[in-house]
Amino acid sequence: MTLTRSILTVLIPGLIAISPWLLLLVQQTSATLGFGEFTTLANALVFASAAVAGTFFEAQGSKLEVAWDREREDKHQVKENWFNYLSRVVESEPVGYRYLSRLATTLYFELAMIYAAPMFALGAITLAAARFPDFAVVIFIAGSVLAVVSGFYFHRQARCTHEVLCETRKELNKRAAS
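Per our numbering, the sequence shown runs over residues -10 to 167.
What follows is the structure, given as structure tokens:
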């Protein structure tokens, strides 16, 4: 996994998910996370928290990907095409391989965001309700809808990306074999 892919698929979703919760912690308690005295350690704590959360989301997304692979096996011969793609030796990499790599990065980002976006929304509504307690019920309802819709949105996007990835890999393998 490249550094760019790690940042896009692990760190960014993790940071998105934890940021409102960290802000809530700092705003609603006396916790400073050490930023006043131990800036480097506090930044390391935030980075590590984002990495752990993002890794968890990535793992959950991988489970979905495996289920979708099984679901699409008959239509796309996912397993066979995956191993053909991995074992192909080429002198110069076809443009399609870079496209597949970009699709895979997009898929892993979307899969992680299925979980990160609702966590962000729940944190944001908790923050908003703490700031505007008179509107807590409205905030909770609107935020809950946002959390559910955001999860479904990324789920749908990831399914579409997965389909394109399977179709493209199958077609590239077919053309490379001829």
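Backbone N, C-alpha and C define an ideal beta-carbon position, used for all residues, glycine too. Model, not experiment: these values are computed from the prediction.
Alpha helix (DSSP H) segment containing Gln17, residue limits: First-last of the alpha helix (DSSP H) with Gln17: 1 to 17.
Next on the checklist: My output table needs one value for Ile146: the three-state DSSP class, helix, strand or coil.
Outcome noted: Rather than Ile, the amino acid found at residue 146 in this sequence is Gln. Reduced to three states, the DSSP call for Gln146 is helix.
* Asked: Can the beta-carbon of Thr18 be found closer than 8 Å to that of Tyr97?
  -> Cβ atoms of Thr18 and Tyr97: not closer than 8 Å.
Here's a check: name, in chain order, each residue in its chain whose Cβ is nearer than 7 Å to the Cβ of Leu0, leaving out the five neighbours to either side.
Ala39, Ala40, Gly43
* Contact check, Ser4 vs Leu116, beta carbons under 8 Å -> According to the sequence shown, residue 4 is Leu rather than Ser. Result no, Cβ atoms of Leu4 and Leu116 do not sit closer than 8 Å.
Check: Pairing CB atoms from the region 138 to 149 with CB atoms from the region 90 to 107, are three or more of them under 8 Å?
Finding: yes
**Q.** Contacts around Arg61, its chain only, beta-carbon distance under 8 Å, and the 5 residues preceding and following it disregarded
**A.** Closer than 8 Å at Cβ, skipping near neighbours: Val67, His151, Glu152, Cys155.
Hey, Arg148 and Trp57: beta-carbon distance below 8 Å or not? yes
Pair every Cβ in the region 73 to 93 with every Cβ in the region 156 to 165, then say whether three or more of these pairs are closer than 8 Å. yes
Contact set for Ala31: own chain, Cβ-Cβ below 6 Å, skip 5 residues either direction: Leu22, Gly23, Phe24
Next item on the list: Give every residue of the same chain whose Cβ lies closer than 6 Å to the Cβ of Gly132, excluding the five residues on either side of it in the sequence, and list them in chain order.
Entry: Excluding positions up to five away in sequence, the list reads Ala110, Ile114.
Inset, instruction - Please classify Arg158: is it buried, with 16 or more other beta-carbons within 10 angstroms of its beta-carbon, or exposed? - result: buried
- prompt: According to DSSP, is Thr94 helix, strand or coil?
  reply: helix
#### Entry: Assumed close pair Met108, Ala6 - CB separation to whole angstroms, cut-off 8 Å
Their Cβ separation, rounded to whole angstroms, is 4 Å, which keeps Met108 and Ala6 in contact under 8 Å.
Is Gly23 helix, strand or coil when you go by DSSP?
coil
Give the DSSP-derived three-state secondary structure of Val78 in the structure shown.
-> coil
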